[in-house]
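The next block holds one structure in the form of structure tokens; read it before the comments.
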Amino acid sequence: MFPMTSSLYRRICFARMRIAFLLFCILVALICCVFVIPVRNVVFSSAIEYAWKEIPTSNLLQIHYSKEIIPDGVYQIVACYEHQSPRVSKSDVNTSRILPCSHTENASLTWEILQRQHGRFLPFLNMEQKIQMLCLYSVLSEVLSDVNVEHFLVGGSLLGIMRHRGMIPWDDDLDIAVSFQHLDIIKQTLSCVQGFELTIRPHLHWKFHYSGSDYPFVDIFFYQMDESYVWSLTYYIRNTFIYPRTDVFPLRTGIFEGLRVPIPGNALAIAKRIYEYDKCTAYPNHVELRDPTLLREHPCGFVVTSLDCRELSYIYRMYHLHESP
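Right, here's the structure in full:
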């Protein structure tokens, strides 16, 4: 072997230093891409959900990949030895506080809506159906209150109370969240309400509805929380149900179609951050999804339609559009 000259040795050391420095830079870049939120959001813009943009990556990984909890015996039928009789009925709903659907009485406005191809944004529920929905929720709220179970509005219902002060006009259900720790008492209590049924579905996504009819209904989702965040245990809505705990608790009261309902303490900030608040989006409703052959007055087929909410200002009054939370 030939002896290594000092110049060759220096070149090898310098090359090793360059390689080490390059690897260090790559490592720093990877750490920044994954854990520095602004950089991560740019690099992974196509993969990061709109609602996740302000959540640290470590929390996202912990929450998003947490195992789904399936309690033992959750699908077993509840034996009701005594049925609870609701204290509220449809006659108790204050119809004067329900948001009006003026287009139903205005043929020229209906024609204008269709001419502008805004048919997907016509209200789905008529007044009688809204009364049924609000009565259903009132019964649910009463029963949960009787057993000291706290709940709050989430999803489209949360967006609706902030942007419309009631239901999103083209929505067709109500969404609430309850703590997973109350699952057993919720199952036992809601299964034994006279005139109503609880449907226990997979993935901790339950439905409360009138006996003998699966519509209208209230969606019930279960949440888990740690010291920083509150998130859904239903994996397919977790992309829009991860809230900072300080934005949720303590809860406050909002007015929803004349009803006093519990909502997150910083509901507007959640609605602005989690949803594209200024964009109105119409999805296929539950009736369409159950019966694709059903003919309705709402044309345009089974598509998702989105537009700037200001385009619908000739139909509906909306609040907090294009404002900072």
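Residue 43 in full-length UniProt numbering sits at position 43 of the sequence shown, with consecutive numbering throughout. C-beta: ideal position from N, C-alpha, C; glycine also. Bear in mind that the values here come from a model prediction, so they are computed numbers and not experimental data.
Beta-carbon spacing of residue i, residue j below 8 Å
i	j	result
V193	V149	no
E257	I98	yes
residue 338	C309	Outside the shown range of the chain, which is 1 to 325, sits residue 338, and nothing can be said about it.
F152	I263	yes
A51	I242	yes
W231	I70	no
F217	D171	no
C32	S191	no
L125	M133	yes
F249	L233	no
I168	L158	no
S211	G195	yes
I131	V78	no
H200	K187	What sits at residue 200 in the sequence shown is Ile, not His. It is a contact, given that the beta carbons lie within the stated cut-off.
DSSP three-state assignment for residue i, whether helix, strand or coil
i	result
L138	According to the sequence provided, residue 138 is Ser. The question's Leu does not apply to it. In the structure shown, S138 sits in a helix (DSSP, three-state: H, G or I).
I131	helix
C192	coil
A47	coil
D92	helix
A271	helix
F217	strand
E112	helix
W206	strand
S324	coil
E311	helix
F121	helix
L99	coil
M318	coil
Where the beta strand (DSSP E) containing residue i begins and where it ends
i	result
L27	Run containing L27: none in the beta strand (DSSP E); it sits in the alpha helix (DSSP H), S6 to F35.
C280	K279 to A282
R260	L259 to I263
S306	T305 to D308
Where the alpha helix (DSSP H) through residue i begins and ends
i	result
L60	T57 to H64
Heavy atom of the ligand SAM within 7 Å of residue i beta-carbon
i	result
G166	Inclusion of the ligand SAM in the displayed structure is not the case, the ligand content being empty and no account of it being possible.
Can you confirm whether the segment 305 to 321 touches the segment 162 to 179 when touching is taken to mean that 3 or more C-beta pairs between the two stretches lie within less than 8 Å? Taking a cut-off of 8 Å for Cβ pairs, the segment 162 to 179 and the segment 305 to 321 touch, as three or more such pairs fall below it.
Contained beta strand (DSSP E) runs [length at least 3] in the segment 224 to 256, N- to C-terminal order: Qualifying beta strand (DSSP E) stretches, in chain order: 229 to 232, 242 to 244 and 252 to 256.
Mind the definition here: the segment 188 to 207 touches the segment 35 to 52 only if three or more C-beta pairs lie below 8 Å; say whether that holds. Using a Cβ-Cβ distance cut-off of 8 Å, the segment 188 to 207 and the segment 35 to 52 are not in contact, since fewer than three pairs of beta carbons, one from each stretch, lie closer than that value.
Check whether the segment 222 to 231 touches the segment 131 to 146, counting contact only when three or more Cβ pairs, one atom from each stretch, lie closer than 8 Å. As far as the Cβ criterion goes, the segment 222 to 231 does not touch the segment 131 to 146, which means the pair count is below three.
Run through the UniProt domain "LicD/FKTN/FKRP nucleotidyltransferase" (148 to 190) for me and flag every whole beta strand (DSSP E) of 3 or more residues, listed as ranges in chain order. Entirely contained in the UniProt domain "LicD/FKTN/FKRP nucleotidyltransferase" (148 to 190), the beta strand (DSSP E) runs reaching 3 residues are, in chain order, 151 to 153 and 174 to 179.
Closer than 8 Å is the cut-off here; do at least three beta carbon pairs connect the segment 43 to 58 with the segment 234 to 250? By the criterion of at least three beta-carbon pairs nearer than 8 Å, the segment 43 to 58 is in contact with the segment 234 to 250.
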